[in-house]
Structures are given as C-alpha cells and as structure tokens.
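Everything on this sheet refers to the single structure shown next.
In UniProt numbering, the protein residues as written are 1 to 449.
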C-alpha cells in the first residue's frame with residue numbers, strides 16, 4: 001500500500017533539509033539509540049548539581065525582590081509572575097547588575113532583551129541584520145552549528161573566517177571582508193566566541209581582542225560575541241577567577257558600540273529554564289528622525305516569535321542571581337572546579353594513551369571550557385560515530401558538523417562537562433581501542449587496494 005503524501009520536502013523552506021539543521025537532531029538521536037554508551041559528546045552542564053528544591057527557593061527570592069525591592073503590590077507581583085510579561089523581560093535589571101559585578105561591564109538595562117535561550121538571541125539579531133539579499137555573515141570556523149542553522153532559516157549566507165590556535169585569524173577576517181565586498185556583498189557582522197569556543201576550545205588573547213575591535217571599526221563591521229563558557233577557566237584551585245585572571249569580554253572593551261553581546265544562563269544557572277539574553281546598545285535612527293536602541297528593534301521581532309520569555313523561568317534565574325549578589329562567579333564555584341578537574345583529567349588521559357612521538361593522534365589543550373578537539377589519522381564522519389557507539393560504547397561529536405563546506409575532517413570533539421573522571425577514563429580506553437582498530441583496518445584496506 002502506498003503511503004499518502006501531503007507535502008514534499010521540496011515544498012518547504014530549503015533550510016529544513018540543510019545539514020546544519022539536521023546536526024543537532026542527528027546527534028541527539030544517536031545518543032538515544034545508544035543510552036548505555038559513555039558520552040563524551042554532550043556539552044551539557046553537570047547534572048549532579050541540579051536541585052529541584054532550589055527552584056522553589058529562587059522563585060520565592062525573586063517574588064520578595066518584586067515586593068520588597070521594587071515595591072510591587074501583591075496584585076502586581078501576581079501579574080508579573082503569572083501573566084504575559086514585558087517583551088524585553090523582567091530580569092533585565094538583574095542581568096545588567098550581573099554584567100557589572102562579574103564583567104565590569106556597564107550596561108543600560110533597556111539595552112537588554114531577555115530571550116528563550118541564547119538561540120533565540122542569535123535568531124533575533126540575525127533577523128534584524130538580514131535586510132538585503134546581498135547581506136552575509138562572517139563566522140570563525142569551526143562554527144557553533146546553532147548559529148549556522150539560524151542563519152540558514154533566514155537566508156543569510158555564512159562565510160567562514162579561519163580560527164586557528166589564536167582563536168581568530170585577523171588577516172583572514174580582513175581578507176574575507178574584502179572578498180565579500182568585491183563580490184558585491186555586504187558583510188554585516190562577524191560571529192565570534194572569544195572564550196573557550198564551541199567546538200574548538202580556543203580563546204582569543206587580550207591583544208588580539210583589541211585588534212579585533214579596531215578592525216571592526218575600520219571595516220564598519222559588527223561583532224556578535226557569544227560567551228557561554230567564559231566563567232569556566234580550568235584553574236588548579238577551582239576558586240572564583242578574579243577579573244585580572246580573565247581577559248575582559250569584547251563588550252567590556254567596546255567603546256564604539258561595535259559588539260552585540262549574546263549571553264546565556266544555561267551553563268551557569270539551569271539549562272531547563274531556557275533563559276538567555278542579548279545586549280544590543282547600538283543606536284538606531286528611525287525614518288522619522290528619532291533615535292532608539294537596537295534592543296528596541298529586537299523586541300519588536302521577539303514579540304512576533306515568542307511574545308515574551310517565560311516569567312516563571314526568568315524568576316528562577318533572577319532568584320539565583322539575587323541569592324549570590326548577582327555574581328555567577330560566586331554561584332559556580334563547584335561547577336568550575338568540576339569542569340577544570342575533568343578537563344585536566346581528559347588531557348592527561350589522552351597523553352597517557354597516545355604518547356607524543358609514537359602516536360599520530362594530536363589534541364589541543366584549552367585553558368578552560370568544556371571541549372577538546374582530537375585529530376586522528378583517518379576521516380571522522382557520522383558512519384564512524386555509529387560504529388563507535390555500536391561497537392565500542394562511546395559517543396563523541398564529529399568536527400565535520402561544525403564546518404560548512406562538506407570537506408572531509410579528521411577530527412572529533414570530546415566534551416568533559418557531563419561526566420565523571422571515571423567515565424572519562426572508560427571513554428578514553430574505548431577511544432584508544434577505536435583508534436587502534438580503525439587505523440589497522442584502513443591500513444589493511446590500503447594494502448589490498
């Protein structure tokens with residue numbers, strides 16, 4: 001019997017069948033198919049620190065804040081928490097305080113839009129910037145696939161900029177701007193993750209951050225700074241880093257409003273809350289001569305996408321901020337210690353299993369964050385991931401998912417955030433077996449060929 005078909009993929013927007021949109025679903029499905037495998041794939045926060053009781057505590061703390069600090073009546077508190085809310089959000093003032101405390105960044109709360117995760121923040125900004133078919137986005141490669149997928153949905157082409165061990169190749173960025181304009185295109189912005197980037201783990205040094213800002217001013221380019229991992233340097237002590245121990249964000253160095261700052265509470269407070277934000281303090285002139293904020297324009301778009309971010313979810317995040325004096329540095333001491341320990345354990349474990357000088361396997365050593373990139377002497381693709389999961393009980397992420405050209409990639413990403421040291425050891429043992437068997441298999445095929 002022939003199944004009735006109502007629509008074809010060809011009848012839908014081209015992005016729905018784009019590899020960028022398939023990546024996240026594919027990786028999630030692989031994990032579901034092999035639930036017993038050790039997962040060094042997921043970049044999720046460490047779940048052992050989740051506490052359901054804290055949700056109620058944080059919600060109550062924010063309720064008291066509305067009543068005691070902001071002077072709302074019981075009816076107003078009730079409405080703020082339970083009704084449709086302000087499109088820009090109800091914790092914008094606390095986000096501004098958090099940025100001041102942790103990043104020494106002074107932000108007008110009205111320049112902040114609280115979003116449904118950082119993914120919505122990306123979408124709003126790209127939707128606003130994509131004004132003409134000539135518009136293109138630049139992005140440091142390898143690139144977070146969520147950014148690439150959002151751009152696809154908006155028909156905004158993404159042109160790669162070389163990353164490398166320094167985090168960004170500034171000469172290549174300038175060249176890509178030149179090439180785009182020579183082709184009649186308008187490069188609107190460059191997406192960059194300066195701290196412990198996903199997926200590369202690399203960071204941009206202070207001097208290059210300043211040079212990047214200068215280049216953006218010279219080329220009339222916005223910078224989209226995404227910073228989900230900046231609070232997780234892999235310090236030996238696990239103590240909260242001082243500002244002097246962390247390079248300032250691009251936005252903290254930004255004196256010309258070149259940086260649109262994308263933030264998230266998924267890694268620092270609770271991923272299930274799905275609360276992010278965007279700082280968009282750029283001045284926008286209206287047709288009538290009035291001048292407002294880019295944040296105001298983003299709020300208009302948001303009102304047609306999600307209306308507003310859940311007030312209950314915002315209240316949980318707001319209460320968590322208030323509980324720690326609006327400092328996420330203070331709130332994430334346990335997490336920072338765990339992630340730093342795991343990162344060092346993973347790197348040390350790679351060195352023991354793949355000794356320098358005797359193994360072709362290589363890896364980078366990030367100064368923090370969740371991810372390490374491992375380069376192996378053979379192609380890494382989705383088929384190999386399935387073999388790894390099925391035959392070796394190990395999950396990881398093919399780096400090919402973070403490039404946009406379809407070229408073969410001989411590297412994989414390992415994540416340390418959602419596992420224990422014991423699981424890391426077990427996973428690395430299985431990785432070593434996979435690498436040995438795959439190397440031998442391909443050598444045998446080469447001899448036969």
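The beta carbon of each residue, even a glycine, is placed where N, CA and C say it ideally should be.
With residue i and residue j assumed to form a contact (beta carbons below 8 angstroms), what rounded beta-carbon distance in angstroms separates them?
{"i": "residue 202", "j": "residue 366", "result": "7 angstroms"}
{"i": "residue 371", "j": "residue 339", "result": "Not really, about 11 angstroms apart at Cβ, beyond 8 angstroms."}
{"i": "residue 140", "j": "residue 163", "result": "5 angstroms"}
{"i": "residue 417", "j": "residue 43", "result": "6 angstroms"}
{"i": "residue 394", "j": "residue 434", "result": "7 angstroms"}
{"i": "residue 376", "j": "residue 400", "result": "Incorrect: roughly 13 angstroms between the Cβ atoms, too far for contact."}
{"i": "residue 112", "j": "residue 311", "result": "In fact, because the Cβ distance is near 16 angstroms, the residues do not count as touching under 8 angstroms."}
{"i": "residue 254", "j": "residue 222", "result": "That pair is no contact at about 10 angstroms."}
{"i": "residue 422", "j": "residue 58", "result": "Not confirmed; about 31 angstroms, so no contact."}
{"i": "residue 317", "j": "residue 55", "result": "Contact flag wrong, Cβ pair sits at about 10 angstroms."}
{"i": "residue 130", "j": "residue 184", "result": "Contact flag wrong, Cβ pair sits at about 16 angstroms."}
{"i": "residue 275", "j": "residue 306", "result": "Not confirmed; about 12 angstroms, so no contact."}
{"i": "residue 302", "j": "residue 124", "result": "6 angstroms"}
{"i": "residue 170", "j": "residue 132", "result": "Incorrect: roughly 26 angstroms between the Cβ atoms, too far for contact."}
Given residue i, which residues of its chain have a CB within under 8 angstroms of its CB, disregarding the five upstream and five downstream residues?
{"i": "residue 98", "result": "321, 326, 327, 328"}
{"i": "residue 60", "result": "319"}
{"i": "residue 390", "result": "34"}
{"i": "residue 404", "result": "20, 141, 143, 148, 158, 160"}
{"i": "residue 7", "result": "none"}
{"i": "residue 182", "result": "none"}
{"i": "residue 47", "result": "418"}
{"i": "residue 226", "result": "118, 122, 144, 147, 191, 192, 193, 262"}
{"i": "residue 174", "result": "215, 219"}
{"i": "residue 440", "result": "none"}
{"i": "residue 18", "result": "149, 152"}
{"i": "residue 304", "result": "none"}
Excluding five sequence neighbours on each side, which residues of the same chain lie with their C-beta closer than 6 angstroms to the C-beta of residue i?
{"i": "residue 247", "result": "206"}
{"i": "residue 229", "result": "195, 196, 369"}
{"i": "residue 244", "result": "Note on residue 244: pLDDT 45, under 50, position unreliable in the model; no value is reported."}
{"i": "residue 82", "result": "none"}
How is the alpha helix (DSSP H) around residue i delimited, first residue to last?
{"i": "residue 159", "result": "Note, residue 159: premise wrong, no alpha helix (DSSP H); beta strand (DSSP E) at 158–162."}
{"i": "residue 57", "result": "52–64"}
{"i": "residue 400", "result": "Run containing residue 400: none; DSSP gives neither H nor E here."}
{"i": "residue 97", "result": "92–103"}
{"i": "residue 151", "result": "145–153"}
{"i": "residue 382", "result": "382–387"}
{"i": "residue 30", "result": "19–33"}
{"i": "residue 268", "result": "That residue, residue 268, is in no alpha helix (DSSP H); it is neither H nor E in DSSP."}
{"i": "residue 74", "result": "74–82"}
Around the Cβ of residue i, are there at least 16 other Cβ atoms within 10 angstroms (buried) or fewer (exposed)?
{"i": "residue 4", "result": "exposed"}
{"i": "residue 335", "result": "buried"}
{"i": "residue 122", "result": "buried"}
{"i": "residue 218", "result": "exposed"}
{"i": "residue 300", "result": "exposed"}
{"i": "residue 263", "result": "buried"}
{"i": "residue 354", "result": "buried"}
{"i": "residue 427", "result": "buried"}
{"i": "residue 73", "result": "exposed"}
{"i": "residue 24", "result": "exposed"}
{"i": "residue 13", "result": "exposed"}
{"i": "residue 49", "result": "exposed"}
{"i": "residue 95", "result": "buried"}
{"i": "residue 32", "result": "exposed"}
{"i": "residue 84", "result": "exposed"}
{"i": "residue 445", "result": "exposed"}
{"i": "residue 115", "result": "buried"}
{"i": "residue 28", "result": "exposed"}
{"i": "residue 438", "result": "buried"}
{"i": "residue 76", "result": "exposed"}
{"i": "residue 10", "result": "exposed"}
{"i": "residue 167", "result": "buried"}
For the beta strand (DSSP E) holding residue i, just list the boundary residues, first then last.
{"i": "residue 371", "result": "371–375"}
{"i": "residue 264", "result": "259–264"}
{"i": "residue 114", "result": "112–116"}
{"i": "residue 141", "result": "135–141"}
{"i": "residue 412", "result": "411–415"}
{"i": "residue 278", "result": "275–279"}
Should residue i be flagged as near chain D, meaning a C-beta pair shorter than 8 angstroms?
{"i": "residue 367", "result": "The chain labelled as chain D is not found in the depicted structure, where only one protein chain is given."}
Between residue i and the rest of its own chain, which residues show a CB-CB distance below 7 angstroms, the 5 nearest in sequence each way excluded?
{"i": "residue 297", "result": "128, 284"}
{"i": "residue 415", "result": "40, 41, 42, 43, 370, 371"}
{"i": "residue 105", "result": "99, 249, 251, 252"}
{"i": "residue 430", "result": "38, 392, 393, 394"}
How about residue i: is its Cβ closer than 7 angstroms to a heavy atom in the ligand COA?
{"i": "residue 394", "result": "This structure lacks the ligand COA, and indeed carries no ligand of any kind."}
- Curious, which full-length alpha helix (DSSP H) runs of at least 4 residues does the segment 182–254 contain? 206–218, 250–253
- Query: Taking only runs of the alpha helix (DSSP H) that begin and end inside the segment 281–355, which ones reach a length of at least 4 residues, in chain order?
  - Reply: 294–303, 311–323, 328–331, 333–353
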